[in-house]
Amino acid sequence: MSPINSAEQAPAGSESQPAAVPLAEAGESPSQEYTASESTSPAIHAAGLSKRFGSTIAVDSLSMTVRRGEVFGFLGPNGAGKTTVVKLLLGLARPTGGEALVLGAPLGDREARRRIGYLPELFRFQALLTAREVLRLHCRLLELPKATWEGQARGALETVGLLERADARVGTFSKGMQQRLGLGVALLGDPALVVLDEPTSALDPVGRHDVREIIAGLRERGATVFLNTHLLGEAEHVCDRVAVVDKGKVIATGGLDELLGRQSSVRLKVSGLGEHASSTVGRFGRWHREEDWIVVEEIDPARIADLVSAIVGRRGRVEAVIPEHKTLEARFLELLGGQ
Ligand SMILES: Nc1ncnc2c1ncn2[C@@H]1O[C@H](COP(=O)(O)OP(=O)(O)O)[C@@H](O)[C@H]1O
Ligand SMILES: [Mg+2]
Numbered sequence: 000m001s002p003i004n005s006a007e008q009a010p011a012g013s014e015s016q017p018a019a020v021p022l023a024e025a026g027e028s029p030s031q032e033y034t035a036s037e038s039t040s041p042a043i044h045a046a047g048l049s050k051r052f053g054s055t056i057a058v059d060s061l062s063m064t065v066r067r068g069e070v071f072g073f074l075g076p077n078g079a080g081k082t083t084v085v086k087l088l089l090g091l092a093r094p095t096g097g098e099a100l101v102l103g104a105p106l107g108d109r110e111a112r113r114r115i116g117y118l119p120e121l122f123r124f125q126a127l128l129t130a131r132e133v134l135r136l137h138c139r140l141l142e143l144p145k146a147t148w149e150g151q152a153r154g155a156l157e158t159v160g161l162l163e164r165a166d167a168r169v170g171t172f173s174k175g176m177q178q179r180l181g182l183g184v185a186l187l188g189d190p191a192l193v194v195l196d197e198p199t200s201a202l203d204p205v206g207r208h209d210v211r212e213i214i215a216g217l218r219e220r221g222a223t224v225f226l227n228t229h230l231l232g233e234a235e236h237v238c239d240r241v242a243v244v245d246k247g248k249v250i251a252t253g254g255l256d257e258l259l260g261r262q263s264s265v266r267l268k269v270s271g272l273g274e275h276a277s278s279t280v281g282r283f284g285r286w287h288r289e290e291d292w293i294v295v296e297e298i299d300p301a302r303i304a305d306l307v308s309a310i311v312g313r314r315g316r317v318e319a320v321i322p323e324h325k326t327l328e329a330r331f332l333e334l335l336g337g338q
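This is the structure in structure tokens:
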């Protein structure tokens, strides 16, 4: 079985577990008819959420909405306040201002908490327990029906690729294996919302790839994923929408396309255009030469074909066309620099 599907395994006798039945667009539906019930409210809705530690403002009047069923990236440099936000959302720390609803419930609601899977940024499992025992222990803490523990533990082990080490003690695990186990714990009980705080910080490229697959599997199952990360490549691959946070404030939010802008640049290897270069290429946007190449900055991708035919119309030879998209990293640095 592929690691993605195994998260869907519902062990026998699991009917009493809360089911994850998110509605992708629920956050946008009109709310006048509803109180904050579980499938009509956004997965997360924060309004003016704030947290001070003495004179440090870790979270500064933060507002955001995470829709049901989306993979939401919460991106920011170290110290931006990402972990603190997660702790507030999970009821592990109290806000000093503002409010939030998580799965339609106020912060700290025990029933809602049960439906949230959480991978903390820093954690340590009991070294003497085996991976399976850690998972069973967490099934118990989640108050899942006992008959489901074995199946839940097995499903989690399979999804995170630890089945073969199920009965080895956690004390013998590498950091990466411990992080996989942490992720397995976050998947127990088929949570409606999975909160991952820097899930790949200890993982090698294979492990990072696996985490992306696991997140894709969660999305397929309809779960909402809130992904805290300072690793932008990670967000670029898996997120539907992101918020960029710095100094406790959201400085940009939206779909990746929106955030990166529709404009991109294009690099063309052109010969034979001679003195016509400026009049031909200049109409399409700002441009410059780099040796044999012409680089047109900020061109609508739909106009690249017109650009090429304009060059050919002037008897230029086009040997290569390379569209260049702005990376999330470049945009991120722009956003952080532009405040
Ligand atoms: N328990 C705490 N006591 C005092 N300051 C804290 C505490 N937790 C976090 N901070 C401060 O809050 C800010 C945000 O930290 P954090 O949420 O961990 O950021 P991130 O997860 O984005 O790296 C930092 O300046 C950090 O030093
Ligand atoms: Mg953090």
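No gaps in the numbering here: position 237 of the sequence shown is 236 in numbering that gives the first Met the number 0, and each next residue is one more.
Backbone N, C-alpha and C define an ideal beta-carbon position, used for all residues, glycine too.
C-beta atoms of residue i and residue j nearer than 8 Å
| i | j | result |
| --- | --- | --- |
| Val-265 | Val-311 | no |
| Leu-226 | Val-70 | yes |
| Thr-244 | Lys-81 | Note on identity: in this sequence residue 244 is Val, with Thr being the wrong assignment. Yes, Cβ-Cβ distance for Val-244 and Lys-81 is below 8 Å. |
| Lys-246 | Asp-108 | no |
| Ala-155 | Leu-134 | yes |
| Gly-337 | His-229 | no |
| Glu-274 | Gly-284 | no |
| Ala-251 | Leu-334 | yes |
| Leu-162 | Gln-151 | no |
| Ala-185 | Gly-116 | yes |
| Leu-192 | Ala-222 | yes |
| Arg-66 | Ala-45 | no |
| Arg-112 | Leu-136 | no |
| Val-84 | Leu-61 | yes |
| Gly-183 | Thr-158 | yes |
| Arg-114 | Pro-190 | yes |
| Met-277 | Pro-300 | For the sequence presented, residue 277 should be read as Ser rather than Met. Contact flag unset, no. |
| Val-224 | Met-63 | no |
| Arg-313 | Thr-279 | yes |
Contact test: residue i Cβ vs ligand 1 heavy atom, cutoff 7 Å
| i | result |
| --- | --- |
| Phe-52 | yes |
Heavy atom of ligand 2 within 7 Å of residue i beta-carbon
| i | result |
| --- | --- |
| Glu-120 | yes |
| Glu-69 | no |
| Glu-197 | yes |
Which residues DSSP lists as bridging residue i, in chain order
| i | result |
| --- | --- |
| Ile-293 | Leu-267, Arg-288 |
| Pro-105 | Leu-100 |
| Glu-219 | Answer is none; Glu-219 lacks a bridge partner. |
| Arg-179 | Arg-179 pairs with nothing; no bridge assigned. |
| Gly-116 | Val-193 |
| His-44 | Thr-64, Leu-100 |
| Val-311 | DSSP output for Val-311 lists no bridge partner at all. |
| Thr-252 | Ala-242 |
| Thr-55 | Phe-52 |
| Val-317 | Val-269 |
| Ile-298 | Ser-263 |
| Gly-342 | Residue 342 cannot be examined here, being either before or after the span of the chain that is shown, 0 to 338. |
| Arg-339 | The requested residue 339 does not occur in the structure, where the chain is confined to residues 0 to 338. |
| Glu-333 | Beta-bridge pairing links Glu-333 to no other residue. |
| Glu-323 | Ser-264 |
Do the region 250-264 and the region 324-338 make contact, defined as three or more Cβ pairs closer than 8 Å?
yes
Under 6 Å, CB to nearest heavy atom of ligand 1: contacting residues
Phe-52, Thr-55, Ala-57, Gly-75, Asn-77, Gly-78, Ala-79, Gly-80, Lys-81, Thr-82, Thr-83
Report yes or no: do three or more beta-carbon pairs, one from the region 169-184 and one from the region 93-102, lie closer than 8 Å?
no
Is the number of C-beta pairs between the region 265-276 and the region 80-99 that are closer than 8 Å three or more?
no
At a cut of 8 Å, does the region 113-123 reach the region 182-201 through at least three beta carbon pairs?
yes
With a cut-off of 8 Å, do at least 3 Cβ pairs link the region 127-138 to the region 165-172?
yes
Three or more C-beta pairs below 8 Å linking the region 230-239 and the region 200-212
yes
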